[in-house]
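Chemist: Per UniProt numbering, the very first residue in the sequence shown carries number 1; after that it's consecutive. Just so you know, even glycine gets a beta-carbon here, dropped at the ideal spot from N, CA and C. Because the structure is a prediction, the values reported are computed rather than measured.
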Amino acid sequence: DQPIVSEFSDVFPDELPGIPPVREVEFIPGAEPISKAPYRMAPVELKELKDQL
1 DQPIVSEFSD VFPDELPGIP PVREVEFIPG AEPISKAPYR MAPVELKELK DQL
């Protein structure tokens, strides 16, 4: 037993489901990933990244 689990026993189930959980993913024929930066970079950082690549 973990102390944090014991302290918050009302939040955690007695039995944990299988890990990792089973998930189904639908694939669409011809679909492509979105080509977009996950976050914006400062111009100086972007220049440094391009220089390194």
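Expressed to the nearest angstrom, what Euclidean distance is found between the alpha-carbon atoms of K47 and E32?
Modeler: Approximately 27 Å between the Cα atoms of the pair.
Chemist: Taking the alpha helix (DSSP H) that P43 falls in, what are its first and last residues?
Modeler: That run of the alpha helix (DSSP H) goes 43-52.
Chemist: Which residue marks the beginning of the alpha helix (DSSP H) containing S9, and which one marks its end?
Modeler: No alpha helix (DSSP H) contains S9, which DSSP labels as neither H nor E.
Chemist: Three-state secondary structure (DSSP) at P3?
Modeler: If DSSP states are grouped into helix, strand and coil, P3 belongs with the helices.
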